[in-house]
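Structure first, commentary second.
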Amino acid sequence: MKRISKACLVCLLICALLTAGGIAGSFLIERDIHFTPEYEKIDLLPLLEKETLSDEDYKTLFYQTGLGARAIDELRLQEDFAAQITAFQETFFGGASVQCHRAGITTWMEYAVDEDGRNTAGFPLAPYEEGYVVAMFSSHSFGWRHGHAGLITGANRVLEAPILGVPAGEYRLNTWREYPTFVMLRLKNASGEELEAIADAALENLEGVDYSPLAGIIKKYSGRRPPTTQCAHLVWHAFYTAGYDIDSTGGNIVTVWDIVDSDLFEVVQIYGLDPDRLWRE
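Going by this note's numbering, the letters in the sequence shown line up with residues 95 to 375, in that order.
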């Protein structure tokens, strides 16, 4: 009986600490649900009419639309360029109504919702290709806003390690438009063929791998097919086996922010995130 009592006390203590941590952490994560600019929204038409954009012009557009230089250049080739840029600017400054839902035993997910409380696509996607990385910071556990990451593998398809009990697989890219935070990344100076090869190899080696929150903590499993994975580890593995270590901090644990902060990537698009945090000269 004494052993059972001690075990129960230990369990109760752990539960109390986790609950207290979750309550305290909830106050800290609320402020990071969605970033809406408080600086001035400007008329972009004079800038859009320029034949050549300077570095400062690209920075202005990033802060006004969330679009990086590559996305701007691709959109400039389209006839309705000005209208599209205006749409990106409207959603970037438009804010979001957000609801939080339980996604697992310890995990909560935030979604942008309409006036009826239904999940809604809050922003348009920049042009993308296979091999681009997507990430968000709209999931949290016990006050830790860990986020989620995936690898684009085709039109409206993302390879993800979603959650405990569900193996890695392909899901709809459009679902990511329902998150109140978003970032899209592209490997710098890589050709489309190289990015496609990375995406194809990731599908072959990582689809169906079991999820584990502990994947990579003891060993990152840099071989062809790891025994387990988690969202950030999956993206890291896809690039590491292609010769790129995108873990900006090194070590055995790779997080979503470790990947987003990697100098190997250029930022294609952000939404609901502070441009000061993600602008790169």
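Heads up, the beta-carbon is just placed ideally off N, CA and C, and yes, glycines get one too.
State the start and end residues of the unbroken beta strand (DSSP E) segment that holds A206.
That run of the beta strand (DSSP E) goes 201 to 206.
Helix, strand or coil: which one does DSSP assign to F359?
The answer is strand: DSSP assigns F359 an E or B state.
Run through DSSP, which three-state label would I353 get?
Note: I353 maps to helix in three-state DSSP.
Determine the contact status of D319 and N299, defining contact as a CB-CB distance below 7 Å.
Just to set this straight, residue 319 is Arg in the shown sequence, not Asp. Contact: yes.
Please classify P218 as buried or exposed, where buried requires at least 16 neighbouring CB atoms within 10 angstroms.
Result: exposed.
For H331, write down the residues that DSSP places opposite it in a beta bridge.
DSSP lists no partner for H331.
Taking the CB atoms as reference points, tell me whether F186 and T159 lie closer together than 7 Å.
Cβ atoms of F186 and T159: closer than 7 Å.
Going by alpha carbons, who is nearest to L138 out of M203, E132, I127, K153?
Measuring from the Cα of L138, the nearest candidate turns out to be K153.
Buried or exposed: where does I292 fall if 16 or more other Cβ atoms within 10 Å of its Cβ makes it buried?
With 16 or more other Cβ atoms within 10 Å, it is buried.
Does the pairing of the stretch 335 to 342 with the stretch 245 to 252 give three or more beta-carbon distances under 8 Å?
With a cut-off of 8 Å, the stretch 245 to 252 and the stretch 335 to 342 do not count as touching, because too few Cβ pairs lie within range.
In terms of residues, what are the limits of the alpha helix (DSSP H) holding I179?
From DSSP, the alpha helix (DSSP H) with I179 extends over 175 to 187.
Between F156 and D210, what straight-line distance do the alpha-carbon atoms span, to the nearest angstrom?
For F156 and D210, the distance between alpha carbons rounds to 31 Å.
Starting from the C-beta of E38, find all residues in its chain whose C-beta is less than 8 Å away, skip the five residues before and the five after it, and write them out in chain order.
What is shown of the chain runs 95 to 375, which leaves residue 38 out entirely.
Quick check on the burial criterion: 16 or more other C-beta atoms within 10 angstroms. Buried or exposed for P321?
Per the 10 Å Cβ criterion, exposed.
Taking Cβ positions, are M203 and S233 nearer each other than 7 Å?
Yes, these two residues count as a Cβ contact at 7 Å.
Under DSSP, the beta strand (DSSP E) around G244 begins and ends at which residues?
Its beta strand (DSSP E) spans residues 242 to 248.
According to the neighbour-count rule (16 or more other Cβ atoms, all chains shown, within 10 Å of its Cβ), is P274 buried or exposed?
Label assigned to P274: buried.
Excluding the 5 residues flanking S306 on each side, which residues of the same chain have their C-beta closer than 6 Å to its C-beta?
Closer than 6 Å at Cβ, skipping near neighbours: T322.
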